[in-house]
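What follows is one structure encoded as structure tokens, with my remarks underneath.
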Amino acid sequence: MVEQAFKLKQEQALPDAGGHFGIFGGRFVSETLMPALEELDEAWRHYLQDKDFLAELDRDLAHFVGRPSPLYLAENLTRQVGGARIVLKREDLNHTGAHKINNTVGQGLLARAMGKRRVIAETGAGQHGVASATIAARLGMECVVYMGAEDVRRQAINVYRMKLLGAEVVAVESGSRTLKDALNEAMRDWVTNVDDTFYILGTVAGPHPYPAMVRDFNAVVGREARAQMLTEYGRLPDALVACVGGGSNAIGLFYPFIDDVAVDMVGVEAAGRGLSGEAHAASLCAGRVGVLHGSRTYLLDDDSGQIRHTHSISAGLDYPGVGPEHAWLKDQGRARYVGVSDTEALEAFHALTRSEGIMPALESAHAIAYGMKLAAELPRDRVVLVNLSGRGDKDINTVADLEGMKF
Amino acid sequence: MNRIDRRFAALKQAERVALVPYVTAGHPLPESTVPVLHAAVRAGADLLEIGMPFSDVMADGPVIQNAHERALAQGTGLDQVLDMVRAFRQDDPETPIILMGYANPIERRGAERFAGQAAEAGVDGLLIVDCPADEADQLQACLKDRGIHQIFLVAPTTTENRLKHASRLAGGFVYYVSIKGVTGAASLDVDSLAPVIARVREKIDLPVAVGFGIREPAQAAAVSATADAVVIGSALVERLDRCETSDEAITVVADFLAPVRQAMDNSAFVVSEKIVRPA
């Protein structure tokens, strides 16, 4: 199934050979990184045609990750909202608790196939770091995870989890001490140790081939969801809703639906304390086109082109750029992007927890919030499919903190 | 004729290898940059490379990253960098200036507008670290109109195809990155240089500058044997970082560059003798 889908999409020719989605994407990196990116690009193209590789990927997704993840009709939440049916794609049920593992299993197998013995990763909330440390443990590879010092503080449990899995966690003290700085540091490591090191980038941002490769590894989410909708509901959903930081869970869900033009695709960005101020992370809603972390995309910067510090209640959305394919989908009008504030996300976190007994990650709670809003505006015979990209256990301390609880 | 071309032509005549110090604009102090540049020229610098501060210097190591952060915190943006170039030009109309930086601030300003302002201020070359030849066409067109050379990095691992591509766009000189890694990360292995530089010269008919990983006079001297120019960045920036006044910074630059210059000149003398009496 994976193999078939890859073949189909390869014929659609985006990105181009240089990694461009229209004016977006590309490879804006130092010459020192170009050969590494070319080597990776070549390996990725090669192994996507390799039956044994794809069979092993399928096996791991089934038996290690626990795929397929179910579609769940949130009946109580639907009743509470009083509109379209809300259906959840349960990526929170994956091993390690989020969609991130789909990508790290894929890149981990690719690293091994390329003969690398060491993997590195950047992480914001820690989910991608945990997913990378997990696959490194399984494949017997050395693993170093770069994490902003501020995030290390906010996500202490995930830091410990990574250490238990045998990874070294490096706290990055530069810049805003968050995800973007961790990504800078991981790139620096990679350019220095490129001979034996594979960089497992965690989202659909960065230089080509990462946006396309990470999309391909996450597209299993959308392929499953599409097939499940047809089997279980006899129809496609009317709308897809997913949160967007870098945008990997959203593109994973959207991509197999791109040609189904009747399906509304909505990416939900972190509006933080409001889009009119600066305390948000909504690059598509409130940013402009620039160059960051190796690709041309929408980003948040000041008038002299310096990248701005961002804010979101959820570390995983707290990023000043976004994957170039989302930038392209926005400009094409194929997907639309909206903002959900910290407060709205927190309300949705509670709403889903209390109505369904499912505690969403704060990232995913942004998608839930907009999914509820959208469902309320639509008639009862419609279906809104929300990607529940991760579970909320990691956020319990953050939520408790915000509500004045001390343990 | 662009000042860079004029300068390299003159250096060739004089059988002198170019010394190219790098400083980040506005570091350690906004007011130290212009006097530091003049001091560098007095100490034997032939071309000057000036870093344009950026918030996310992905290809630089901790020393230069820290310099960028300090410069930004003290308010040095593109406008201030161009002001510094203008001020320097009032007293030095000849020493070539290369601005080195990252793509986003230029993108924000608009490539065409930036090229015009830079040319007017007296800039001769532009090196955008995260704009390899593959993505450089648009910027190239703007710079060409204004007589500014686009400088490209070449790495030990750069393939023949990429060299060819860069050669079509490159002007002034080629900047050969001598180590795998970020600026200031490790020390250079001088012995490995000669064959790769020969390979670069075969494909690109421009002077070759070597940088990243040159920290002391002996290394600079050794590199002089094969390269047309030696770039020193992190080692200098590291020393400047400890300065609290412009006067201190001026002294540090002079004290650091003078022995480098001397070592390079001695080495160049040996090289030219070798050329006269081949073994």
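So the sequences go chain by chain: C and B. By the working numbering, the letter at position 339 of the first sequence is numbered 326, and the numbering carries on one by one without gaps. By the working numbering, the letter at position 133 of the second sequence is numbered 162, and the numbering carries on one by one without gaps. For glycine and all other residues, C-beta sits at the position ideal for the given N, C-alpha and C. Owing to the predicted nature of the structure, the values given are computational and were not obtained by experimental measurement.
Is the distance from the Cβ of residue 326 of chain C to the Cβ of residue 351 of chain C below 8 Å?
In the first sequence, residue 326 of chain C corresponds to position 339, counting from 1. In the first sequence, residue 351 of chain C corresponds to position 364, counting from 1. No, they are not a contact pair.
Using only the alpha-carbon positions, how far apart do residue 51 of chain B and residue 223 of chain B sit?
Locating residue 51 of chain B in the second sequence gives position 22, where the first residue counts as 1. Locating residue 223 of chain B in the second sequence gives position 194, where the first residue counts as 1. Taken atom to atom, the span from the alpha-carbon of residue 51 of chain B to that of residue 223 of chain B is near 23 Å.
Who are the Cβ neighbours of residue -6 of chain C in its own chain at under 8 Å, not counting the five residues just before and after it?
Working through the first sequence from its first residue, we reach residue -6 of chain C at position 7. With a pLDDT of 45 at residue -6 of chain C, under the threshold of 50, the modelled position of this residue cannot be trusted; read the value that follows with caution. For residue -6 of chain C, where only same-chain residues beyond five positions count, there are no Cβ hits under 8 Å.
Check each residue of the segment 260 to 284 of chain C: if its Cβ is closer than 9 Å to any Cβ of chain D, include it; give the result in chain order.
Reference to chain D is not applicable here, since the protein chains of this structure are C and B.
Could you tell me if residue 11 of chain C is buried or exposed, where buried requires 16 or more neighbouring beta carbons within 10 angstroms of its beta carbon?
Walking along the first sequence from the start, residue 11 of chain C turns up at place 24. Label assigned to residue 11 of chain C: buried.
Contact the segment 35 to 50 of chain C vs the segment 219 to 234 of chain B: 3+ CB pairs below 8 Å
Contact fails: fewer than three Cβ-Cβ distances are below 8 Å.
In the segment 133 to 195 of chain B, which residue ranges form an unbroken beta strand (DSSP E) of at least 3 residues, counting only runs that do not cross its ends?
DSSP runs (the beta strand (DSSP E)) wholly in the segment 133 to 195 of chain B: 154 to 157 and 181 to 183.
Going residue by residue through the segment 154 to 237 of chain C, where are the continuous beta strand (DSSP E) segments of at least 3 residues, counting only ones entirely within it?
Entirely contained in the segment 154 to 237 of chain C, the beta strand (DSSP E) runs reaching 3 residues are, in chain order, 155 to 159, 184 to 186 and 226 to 230.
Reduced DSSP category for residue 220 of chain B - H, G, I as helix; E, B as strand; rest coil:
For the purposes of this step, residue 220 of chain B is taken as residue 191 along the second sequence, with counting starting at 1. In this structure, residue 220 of chain B counts as helix in the three-state DSSP scheme.
Roughly how many angstroms lie between the CA atoms of residue 169 of chain B and residue 203 of chain B, to the nearest whole one?
The sequence position of residue 169 of chain B within the second sequence is 140, counting from 1. The sequence position of residue 203 of chain B within the second sequence is 174, counting from 1. Going from the Cα of residue 169 of chain B to the Cα of residue 203 of chain B covers about 15 Å.
The segment 155 to 183 of chain C: positions lying closer than 7 Å to chain B by Cβ
Answer in chain order: 161, 162, 167, 171, 174, 175, 178, 179 and 181.
To the nearest whole angstrom, what separates the beta carbons of residue 288 of chain C and residue 133 of chain B, a pair I think is in contact under 8 Å?
Here residue 288 of chain C corresponds to residue number 301 of the first sequence, with the count starting at 1. Here residue 133 of chain B corresponds to residue number 104 of the second sequence, with the count starting at 1. About 6 Å separates the two Cβ atoms, so the contact holds.
Identify the continuous beta strand (DSSP E) that holds residue 254 of chain C and give its terminal residues.
In the first sequence, residue 254 of chain C corresponds to position 267, counting from 1. Segment 251 to 259, the beta strand (DSSP E) holding residue 254 of chain C.
From the DSSP secondary-structure annotation, give me the bridge partner or partners of residue 38 of chain C.
Taking the first residue of the first sequence as position 1, residue 38 of chain C is located at position 51. Residue 38 of chain C is not bridged to any residue.
Closer than 8 Å, CB to CB, is residue 183 of chain B near chain C or not?
If you number the second sequence from 1, residue 183 of chain B lands on position 154. Put simply, the CB of residue 183 of chain B is near chain C, with a gap under 8 Å to one of its CB atoms.
Applying the criterion that 16 or more other CB atoms from any shown protein chain within 10 Å of the CB defines a buried residue, is residue 190 of chain C buried or exposed?
Taking the first residue of the first sequence as position 1, residue 190 of chain C is located at position 203. Residue 190 of chain C is buried by the Cβ-count criterion.
Check whether the Cβ atoms of residue 145 of chain B and residue 201 of chain B sit closer than 8 Å, and answer yes or no.
Against the second sequence, residue 145 of chain B aligns to sequence position 116. Against the second sequence, residue 201 of chain B aligns to sequence position 172. No, they are not a contact pair.
Distance CB(residue 281 of chain B)-CB(residue 290 of chain B) smaller than 8 Å:
In the second sequence, residue 281 of chain B corresponds to position 252, counting from 1. In the second sequence, residue 290 of chain B corresponds to position 261, counting from 1. In this structure, residue 290 of chain B does not lie closer than 8 Å to residue 281 of chain B by Cβ.
Closer than 8 Å, CB to CB, is residue 171 of chain B near chain C or not?
Walking along the second sequence from the start, residue 171 of chain B turns up at place 142. Taking Cβ atoms only, chain C never reaches closer than 8 Å to residue 171 of chain B, which makes this a no.
Taking 8 Å as the threshold (beta carbon to beta carbon), is residue 221 of chain B in contact with chain C?
On the second sequence, position 192 is the one that residue 221 of chain B refers to. Not closer than 8 Å to any Cβ of chain C, the Cβ of residue 221 of chain B fails to qualify, so no.
With a cut-off of 8 Å, does the C-beta of residue 196 of chain B fall near any C-beta of chain C?
As a first step, residue 196 of chain B must be located in the second sequence, where it is residue number 167. Not an interface residue.
At the 8 Å Cβ level, is residue 59 of chain B part of the contact set with chain C, yes or no?
Here residue 59 of chain B is taken as the residue at index 30 of the second sequence, counted from 1. Cβ-Cβ to chain C under 8 Å: no for residue 59 of chain B.
When you compare the CB of residue 164 of chain B with every CB in chain C, is at least one pair closer than 8 Å?
As a first step, residue 164 of chain B is located in the second sequence; it is residue number 135 there, counting from the start. Proximity of residue 164 of chain B to chain C, defined by a Cβ-Cβ separation below 8 Å, is satisfied.
Which residues of chain C have a Cβ atom closer than 8 Å to the Cβ of residue 159 of chain B, listed in chain order?
Reading the second sequence from its first residue, position 130 is the one you call residue 159 of chain B. Going along chain C in sequence order, the residues near residue 159 of chain B (Cβ under 8 Å) are 15, 16, 17, 278 and 281.
Would you please verify whether the beta carbon of residue 294 of chain C is less than 8 Å from any beta carbon of chain B?
Along the first sequence, one-based indexing puts residue 294 of chain C at 307. With 8 Å as the cut-off, residue 294 of chain C counts as an interface residue toward chain B.
Through-space distance from residue 283 of chain B to residue 72 of chain B, alpha-carbon basis
The residue you call residue 72 of chain B lines up with position 43 of the second sequence. The residue you call residue 283 of chain B lines up with position 254 of the second sequence. Taking the CA atoms as reference points, residue 72 of chain B sits about 5 Å from residue 283 of chain B.
Would you list the residues sitting across from residue 294 of chain C in a DSSP beta bridge?
Locating residue 294 of chain C in the first sequence gives position 307, where the first residue counts as 1. The partner list for residue 294 of chain C (beta bridge, DSSP) reads C:288.
Contact under 8 Å by Cβ, residue 295 of chain C with residue 285 of chain C:
Here residue 295 of chain C corresponds to residue number 308 of the first sequence, with the count starting at 1. Here residue 285 of chain C corresponds to residue number 298 of the first sequence, with the count starting at 1. It is not a contact, given that the beta carbons lie outside the stated cut-off.
Using 8 Å for Cβ pairs, my map puts residue 295 of chain B next to residue 250 of chain B. What's the rounded Cβ distance?
What you label residue 295 of chain B is simply residue 266 of the second sequence in a count that begins at 1. What you label residue 250 of chain B is simply residue 221 of the second sequence in a count that begins at 1. Taking a contact as a CB-CB distance under 8 Å, the pair residue 295 of chain B and residue 250 of chain B counts as one, their CB atoms being some 7 Å apart.
Taking a cut of 8 Å between CB atoms, which residues from the segment 125 to 145 of chain B lie near chain C?
So the close ones are 131, 132, 133, 134, 135, 136, 137 and 138.
Suppose you measure from the CA of residue 262 of chain B to the CA of residue 205 of chain C; what does that come to, to the nearest Å?
Position 233 of the second sequence, counted from the first residue, corresponds to residue 262 of chain B. Position 218 of the first sequence, counted from the first residue, corresponds to residue 205 of chain C. In a straight line, the C-alpha of residue 262 of chain B is about 42 Å away from that of residue 205 of chain C.
Taking the alpha helix (DSSP H) that residue 139 of chain C belongs to, which residues open and close that run?
If you number the first sequence from 1, residue 139 of chain C lands on position 152. Looking at the DSSP string, the run of the alpha helix (DSSP H) that includes residue 139 of chain C is 136 to 141.
Contact criterion: CB-CB distance below 8 Å. Does residue 101 of chain B meet it with respect to chain C?
For the purposes of this step, residue 101 of chain B is identified with residue 72 of the second sequence, where counting begins at 1. Yes, residue 101 of chain B lies at the interface with chain C (some Cβ there is under 8 Å from its Cβ).
Please name the residue or residues paired with residue 79 of chain B in a DSSP beta bridge.
Counting from one through the second sequence, the residue named residue 79 of chain B turns up at place 50. The secondary-structure analysis by DSSP pairs residue 79 of chain B across a beta bridge with B:52 and B:128.
Minimum C-alpha distance to residue 244 of chain B - residue among B:118, B:64, B:218 and B:195
For the purposes of this step, residue 244 of chain B is taken as the residue at position 215 of the second sequence. For residue 244 of chain B, the nearest C-alpha among the options comes from B:218.
Among residues of its own chain, excluding the 5 on either side of residue 167 of chain C, which ones have a beta-carbon nearer than 7 Å to its beta-carbon?
Within the first sequence, numbered from 1, the residue matching residue 167 of chain C stands at position 180. Closer than 7 Å at the Cβ level, and outside the excluded window around residue 167 of chain C, lie 294, 306 and 307.
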